[in-house]
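The block underneath contains the structure these notes are about, expressed in structure tokens.
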Amino acid sequence: AAFVNRGRHDAASVSGRLIYPVAVFTGAATTLFFYANAKLHTLYGIFVNGFVINLIVTPGGLASLGGSDATNLGFALIAAGFLLAHGALLALIWKVIHRRALSAWRPTGLFKAVVVALLLSLVADRGIYAYSDAFGRTDMLALSEDVPFYTGLTARKLFRKMGFKVDRERKLAGVKAGGHLNYPAHPLQTRHTDKPYNIVWLVAESWRADTLTQDIMPATKRFAEQAQHFTNHYSGGNGTRIGVFTMFTGIPGTYWDAFLKEHRGAAIIDILKDHQYQMSFYTSAAFTYPEFDKTIFSQVPKEQLHQIDAPMEGWQKDRLNVQHMLEFIDSRDA
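Numbered according to the numbering used here, the sequence shown spans residues 90 to 423.
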């Protein structure tokens, strides 16, 4: 309406004549951008970013994804459709405000109502996100992934001060495998065995595989010779977060953020739970950072995740964890 009013008063000027096509073009371009962004997220699960822009501006980028002249023509037709729609909308606004019956109308009351509605919507949006984050409503949190550049508001400390119980167990109570993640892509296939394997999964930080020799690590070498020893595998990353994540999930570490957002655990843990495995996990660091308790081990009860918070050296924690692990093995059901 502001564009149209300015055009009425300055119709004879160059700026007055240009403001209409500028309004139509900028409006259509903005709408087209949001349409393309939504379409990109629907197809690939991402929004416009540096990679997408580089793909568009680099010669041959779109062609590498199967783009063709037909693709360009289709996009041009969509853009033309948005231009026509905004042009028609501008013409409609022009016609409405030029009616004498509405010439003295001012949207003061409507403007105030819109502002109040927007403020209420903002408060409700932030409040719902904060509540969902504090009490584990991952189905609600997953919706924010569909909004470009959305940043949620968290208020766990505030909820605690208000007397609510906000802890890991409460958060996990609402965790469901699903959301926007298609993981695993297909149900894992297992075979029945009369005597399931006992599994001891040792993860050593920054351990070089070529040091597993009789001279350097004789005890571990003997242990490997008495067990299933797998050597043909690939690491997903050098860092603790991504390395352990890919080890347990078998997928690229770029999925970490999605798993953390939805509190999705590793599928192999689901299988072990389905087969009634008695499990116990130990670390000399912390399960909370990196957030393994909210990703690969999110479906594991808190009492099965053991970490030593006492001020001790790392090697001392390692020895104590081994002692506790052996005690667990000796006390478990046969």
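For each residue, glycine too, the CB sits at the ideal point set by N, CA and C.
Here the structure is a predicted model, which means the values were calculated and not measured.
{"Asked": "Rounded to whole angstroms, what is the Cα-Cα separation between TYR218 and THR240?", "Found": "10 Å"}
{"Asked": "Determine the direct distance from the alpha carbon of ALA174 to that of PHE114, and round the result to whole angstroms.", "Found": "11 Å"}
{"Asked": "Output the distance between the C-alpha atoms of GLU351 and PHE381, rounded to the nearest integer angstrom.", "Found": "13 Å"}
{"Asked": "What are the boundary residues of the alpha helix (DSSP H) that GLN396 is part of?", "Found": "Counting along the chain, GLN396 falls outside any alpha helix (DSSP H), though it belongs to the beta strand (DSSP E) covering 394-396."}
{"Asked": "Is it buried or exposed for ILE358, if we count other Cβ within 10 angstroms and need 16 for buried?", "Found": "buried"}
{"Asked": "What three-state label does DSSP hand ILE135 in the structure shown?", "Found": "coil"}
{"Asked": "For THR377, which of helix, strand or coil comes out of DSSP?", "Found": "coil"}
{"Asked": "Looking only at C-alpha atoms, which of GLN315, LYS383, ALA117, GLY403 sits nearest to ALA168?", "Found": "ALA117"}
{"Asked": "Quick check: the Cα distance between GLY176 and ALA112, rounded to an integer number of angstroms?", "Found": "9 Å"}
{"Asked": "Evaluate contact between the segment 328-335 and the segment 372-389, counting only Cβ atoms and requiring at least three cross-stretch pairs below 8 Å.", "Found": "yes"}
{"Asked": "So for TYR323, helix, strand or coil by DSSP?", "Found": "coil"}
{"Asked": "Do you know offhand how far ILE385's Cα is from LEU208's?", "Found": "38 Å"}
{"Asked": "Name the two residues that bound the continuous beta strand (DSSP E) containing PHE370.", "Found": "370-372"}
{"Asked": "Going by DSSP, what residue range makes up the alpha helix (DSSP H) through PRO341?", "Found": "No alpha helix (DSSP H) contains PRO341, which DSSP labels as neither H nor E."}
{"Asked": "Output the distance between the C-alpha atoms of GLN317 and ARG311, rounded to the nearest integer angstrom.", "Found": "12 Å"}
{"Asked": "Using the C-alpha atoms, what's the distance from THR119 back to LYS184?", "Found": "24 Å"}
{"Asked": "Measuring only the C-alpha atoms, how far is LYS391 from ALA293?", "Found": "22 Å"}
{"Asked": "From GLY354 to LYS362, what distance separates their C-alpha atoms?", "Found": "12 Å"}
{"Asked": "PRO349: which of LEU270, THR300, ALA298, ALA374 sits nearest, CA to CA?", "Found": "It is worth fixing the name first, because residue 349 is Leu in this sequence and not Pro. Answer by Cα proximity: LEU270."}
{"Asked": "Between PRO400, MET401, MET368, which lies nearest to PHE417 when the distance is taken from Cα to Cα?", "Found": "MET368"}
{"Asked": "Output the boundary residues of the alpha helix (DSSP H) element that contains HIS52.", "Found": "This structure cannot settle anything about residue 52, because the visible part of the chain is limited to 90 through 423."}
{"Asked": "Indicate whether GLY325 and ILE340 have their beta-carbon atoms separated by less than 9 Å.", "Found": "yes"}
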